[in-house]
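Taking it in order: structure first as structure tokens, then the write-up.
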Amino acid sequence: MGFSLVELLVSITVGLVIMAGVTNIYVNTIRSNSDTLKMTRLNQELRSVMAFMTRDIRRAGYWGKAKDSVTGPASSNSNPFTLSAPSEFAGQLSNSCLMYTYDYNQNGTLDNDNDERHGFRLKANAVQVVTSNSSATCNTGTWENITDDDGIQITNLTFTAVDTSVGITTPSVLTVRNITIKLTGQLTTDTTVQRTLSDTVRIANDVYSSN
Amino acid sequence: MLTVHHSSLKAQLGAATLVVALVLLLAITLMAFSGVKVGVNEQRISANEVRYREALEVAQAGMEHGIAYLRANKSIIASNAAGGWNAAASSPRWTACAGNDLPCGTSTSASYDSAYLAYRNVPNTAQVSSAYTYTLHFATPASGAAPVANPTITIISTASPATSGGVADPLAGSAQLKQTVKGYGLITHRPNRPLIAATTIKIGQGNHGGQVWPNLNFAPGVSPQSAWAGQTTGTPINIAVGAVTCNDSYPNCSSTISTSSTSGLDLSTANFPPDLFQYTFGVNASNYHIIKNDRSVTRLTTCGSLGSAGIYWITGDCEISGTVGSFSNPYVLIIEGTFDMEDDTTFYGIVFLTKADGANGSGGNTDLKEDITIYGALLSDSSVQLEADGQEISVIYHQNVIDIASSYGGGFAKLPGGWFDQLKP
Numbered sequence: 001m002g003f004s005l006v007e008l009l010v011s012i013t014v015g016l017v018i019m020a021g022v023t024n025i026y027v028n029t030i031r032s033n034s035d036t037l038k039m040t041r042l043n044q045e046l047r048s049v050m051a052f053m054t055r056d057i058r059r060a061g062y063w064g065k066a067k068d069s070v071t072g073p074a075s076s077n078s079n080p081f082t083l084s085a086p087s088e089f090a091g092q093l094s095n096s097c098l099m100y101t102y103d104y105n106q107n108g109t110l111d112n113d114n115d116e117r118h119g120f121r122l123k124a125n126a127v128q129v130v131t132s133n134s135s136a137t138c139n140t141g142t143w144e145n146i147t148d149d150d151g152i153q154i155t156n157l158t159f160t161a162v163d164t165s166v167g168i169t170t171p172s173v174l175t176v177r178n179i180t181i182k183l184t185g186q187l188t189t190d191t192t193v194q195r196t197l198s199d200t201v202r203i204a205n206d207v208y209s210s211n
Numbered sequence: 001m002l003t004v005h006h007s008s009l010k011a012q013l014g015a016a017t018l019v020v021a022l023v024l025l026l027a028i029t030l031m032a033f034s035g036v037k038v039g040v041n042e043q044r045i046s047a048n049e050v051r052y053r054e055a056l057e058v059a060q061a062g063m064e065h066g067i068a069y070l071r072a073n074k075s076i077i078a079s080n081a082a083g084g085w086n087a088a089a090s091s092p093r094w095t096a097c098a099g100n101d102l103p104c105g106t107s108t109s110a111s112y113d114s115a116y117l118a119y120r121n122v123p124n125t126a127q128v129s130s131a132y133t134y135t136l137h138f139a140t141p142a143s144g145a146a147p148v149a150n151p152t153i154t155i156i157s158t159a160s161p162a163t164s165g166g167v168a169d170p171l172a173g174s175a176q177l178k179q180t181v182k183g184y185g186l187i188t189h190r191p192n193r194p195l196i197a198a199t200t201i202k203i204g205q206g207n208h209g210g211q212v213w214p215n216l217n218f219a220p221g222v223s224p225q226s227a228w229a230g231q232t233t234g235t236p237i238n239i240a241v242g243a244v245t246c247n248d249s250y251p252n253c254s255s256t257i258s259t260s261s262t263s264g265l266d267l268s269t270a271n272f273p274p275d276l277f278q279y280t281f282g283v284n285a286s287n288y289h290i291i292k293n294d295r296s297v298t299r300l301t302t303c304g305s306l307g308s309a310g311i312y313w314i315t316g317d318c319e320i321s322g323t324v325g326s327f328s329n330p331y332v333l334i335i336e337g338t339f340d341m342e343d344d345t346t347f348y349g350i351v352f353l354t355k356a357d358g359a360n361g362s363g364g365n366t367d368l369k370e371d372i373t374i375y376g377a378l379l380s381d382s383s384v385q386l387e388a389d390g391q392e393i394s395v396i397y398h399q400n401v402i403d404i405a406s407s408y409g410g411g412f413a414k415l416p417g418g419w420f421d422q423l424k425p
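Those protein sequence lines, which keep their order, are chains G and C.
Numbering of the first sequence is given in the numbering used here, commencing with residue 1 and proceeding in unit increments.
Numbering of the second sequence is given in the numbering used here, commencing with residue 1 and proceeding in unit increments.
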């Protein structure tokens with residue numbers, strides 16, 4: 001005894017419907033898994049870049065001889081370590097570059113060393129960091145990518161400086177500095193996978209000026 | 001009849017489906033595992049970041065505690081007396097930096113070497129977190145001597161995982177940061193002349209001689225200054241000829257001394273601040289109560305019961321006699337009423353005659369009798385008159401007295417540029 005034609009047709013149809021459903025679930029599972037992976041990867045990349053930037057920018061203006069600002073002679077009582085106003089590499093988004101210095105070796109002098117001269121900028125869809133051992137600007141010096149330009153495109157990097165002046169006895173002014181960083185990235189292979197991070201750094205070292 | 005062979009897989013119906021399903025399931029499982037692995041890694045990374053931030057915040061909170069601790073102990077930080085941080089018998093105390101224990105140097109980089117003094121394991125600081133413990137250490141430049149009244153101190157705060165039952169959380173983070181602070185006194189702007197008055201200054205009228213010994217260090221190479229007044233129009237500044245005692249270290253004295261209508265090098269009206277109270281204490285005169293109610297200030301109605309050297313806010317009249325203070329223990333008197341010095345009185349310190357408390361402040365009336373000597377400075381929100389009955393009135397600018405008196409009270413302030421999250425490069 002075998003199957004009748006009708007039985008066969010019915011069972012094939014039912015089988016196909018089940019197969020279609022299973023395949024659909026399977027494909028969806030694979031797709032969502034891959035989306036999750038892509039998102040995670042993008043997230044990870046952006047977050048580590050953001051953490052790197054915020055930790056480092058917070059140090060801006062550290063001066064190993066800070067005590068000289070009150071006890072030193074007039075010739076050497078001003079802090080040589082600074083945080084510049086945000087700028088940009090020519091042609092890139094405005095305010096996508098931030099330059100600053102801090103006294104890594106704590107000797108009180110601004111050395112020609114990329115441990116002391118720092119900067120981040122957006123160029124060619126990647127975040128770059130200064131590697132020059134001498135004075136660099138947003139447009140000059142040697143820079144290196146710190147984001148993976150093969151897999152990830154950085155579409156937005158913006159530094160916004162918010163300074164608050166705290167009045168002391170005139171003419172002295174204390175300036176509290178904040179930098180808000182906005183970072184947007186997308187996957188090169190799938191530009192619909194996008195992510196934006198935003199963080200604000202309170203620069204630990206304030207600026208005192210007496211004129 | 002359909003024959004079923006239980007022993008043969010080939011012959012079983014649906015075997016192919018099972019195999020395909022198993023393969024698919026395996027593929028999905030592998031994929032899920034790899035996805036989970038990536039996710040767990042991501043979690044670890046962000047958890048590390050969170051822990052680092054927690055530890056940093058705890059270290060930062062510890063640093064603020066350190067500043068409060070320094071403020072609370074300001075008067076004994078530089079003290080050689082029993083219990084002082086410089087006293088040999090005290091514990092803990094400042095000790096010369098040696099070895100590699102925090103905060104002193106390590107073998108690779110001695111940031112804090114023998115040129116520094118260390119104050120270790122600061123006691124009695126409240127912890128702010130159950131998960132982290134912070135420890136504090138202080139370092140100060142030794143500069144060949146013990147810390148001065150308003151020292152520069154670097155606070156080193158280290159946050160590490162709290163131990164529970166002898167075991168630290170192996171996943172918790174740690175952070176270390178330092179901040180350099182500088183001590184300041186309640187008087188933020190030291191008087192730089194012996195006589196400072198918001199309106200007029202009158203000295204040594206008629207035959208009665210007064211003398212003012214100027215600040216010889218006022219502006220090196222330019223001129224010493226005796227008096228600073230705010231009055232530029234109206235009542236003429238009245239410093240009588242002879243008011244300033246010339247001595248050998250003041251060569252320009254005779255030719256540039258002020259007369260009754262002209263101010264010379266010994267008296268200046270330039271850049272006089274609109275608010276002398278603010279200029280001196282860093283607080284607007286309308287907020288005088290911040291100074292009046294400061295924990296370092298003793299409030300009295302008269303000067304009849306002055307205690308040990310320190311800052312006193314006198315709400316009524318102040319009358320002193322005999323010897324008040326010494327070169328090493330000067331007083332700061334902020335007086336709302338009149339200031340009277342009896343015959344043969346010597347005062348060491350700074351007197352500020354204030355109008356800041358509008359209800360009472362007369363700010364400036366003085367009744368100085370004979371043979372009066374003030375070592376330090378006399379400041380007034382209105383005028384200063386030394387001529388009343390005055391004979392042999394001396395106001396002598398004394399740098400040490402001014403420095404010590406100006407270091408009373410206050411606290412420690414963060415120096416801009418003094419924060420860093422690494423102890424050594």
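Don't be surprised by glycine CBs; every beta carbon is placed ideally from N, CA and C.
Here the structure is a predicted model, which is why all the values come from computation and not from measurement.
Asked	Found
Roughly how many angstroms separate the alpha carbons of residue 339/C and residue 378/C, rounded to a whole number?	10 Å
Please classify residue 207/C as buried or exposed, where buried requires at least 16 other C-beta atoms within 10 Å of its C-beta.	With a pLDDT of 45 at residue 207/C, under the threshold of 50, the modelled position of that residue is not reliable, and no figure is offered here.
Taking residue 331/C as the reference, which of 12/C, 307/C and 74/C has the closest Cα?	307/C
When you compare the CB positions of residue 159/C and residue 175/C, do they come within less than 8 Å of one another, or not?	yes
What does a CB cutoff of less than 7 Å around residue 212/G pick up in its chain, not counting 5 residues either side in sequence?	There is no way to answer for residue 212/G, as the model of chain G reaches only from 1 to 211.
Rounded to a whole number of angstroms, what is the C-alpha to C-alpha distance between residue 149/G and residue 14/G?	49 Å
For chain G, is any of its Cβ atoms less than 8 Å away from the one on residue 418/C?	yes
Could you check if residue 103/G is buried or exposed, using at least 16 other CB atoms within 10 Å of its CB as the buried criterion?	buried
Identify whether residue 186/G lies in helix, strand or coil by the three-state DSSP scheme.	strand
Which partner residues of residue 94/C appear in the DSSP bridge assignment?	None, per the DSSP bridge assignment.
List, in chain order, every chain C residue whose beta-carbon is nearer than 9 Å to that of residue 61/G.	416, 417 and 419
DSSP state of residue 355/C, grouped into three classes?	coil
Taking all protein chains shown into account, do 16 or more other C-beta atoms lie within 10 angstroms of the C-beta of residue 43/C, making it buried, or fewer, making it exposed?	exposed
Using only the alpha-carbon positions, how far apart do residue 79/C and residue 398/C sit?	21 Å
Quick check on residue 116/G: buried or exposed, where buried means 16 or more other Cβ atoms within 10 Å of its Cβ?	buried
Could you name the residues that DSSP lists as bridge partners for residue 378/C?	195/C and 351/C
Which residues in chain G have a C-beta closer than 8 Å to the C-beta of residue 46/C? List them in chain order.	47
Per DSSP, residue 218/G is paired with what?	No statement about residue 218/G is possible, as the shown extent of chain G runs from 1 to 211 and does not include it.
Is there a C-beta anywhere in chain G that falls below 8 Å from the one on residue 18/C?	no
Can you pull the chain C neighbours of residue 96/G, defined as C-beta to C-beta under 8 Å?	Residues of chain C passing the Cβ test: none, with the nearest at roughly 24 Å.
Does the region 19-37 of chain G come close enough to the region 156-168 of chain G that 3 or more CB-CB pairs lie under 8 Å?	no
Any idea what DSSP makes of residue 278/C, helix, strand or coil?	helix
For residue 128/G and residue 417/C, what's the separation of their Cα atoms in angstroms?	26 Å
Span of the beta strand (DSSP E) holding residue 145/G?	143-145
Could you run through the region 40-71 of chain C and flag, in chain order, every residue whose CB is less than 7 Å away from some CB of chain G?	42, 45, 46 and 49
For residue 394/C, does the three-state DSSP call read helix, strand or coil?	strand
Given this structure, state the Cα-to-Cα distance separating residue 88/C from residue 309/C, to the nearest angstrom.	23 Å
Straight-line CA distance for residue 69/C to residue 139/C?	14 Å
Report the neighbours of residue 152/C on chain G: residues whose CB is nearer than 9 Å to its CB, in chain order.	66, 67, 70 and 71
In whole angstroms, give me the CA-to-CA distance for residue 152/G and residue 136/G.	26 Å
List, in chain order, every chain C residue whose beta-carbon is nearer than 8 Å to that of residue 26/G.	24 and 28
Could you compute how far the alpha carbon of residue 2/G sits from the alpha carbon of residue 8/G?	10 Å
Drop a sphere of 10 angstroms on the beta-carbon of residue 381/C, count the other beta-carbons inside from all chains shown, and report buried for 16 or more, exposed for fewer.	buried
By the three-class DSSP mapping on this structure, what secondary structure does residue 148/C have?	coil
Can you tell me the Cα-Cα spacing of residue 143/G and residue 349/C, whole angstroms?	60 Å
Give me whichever residues DSSP pairs with residue 97/G in a beta bridge.	87/G and 121/G
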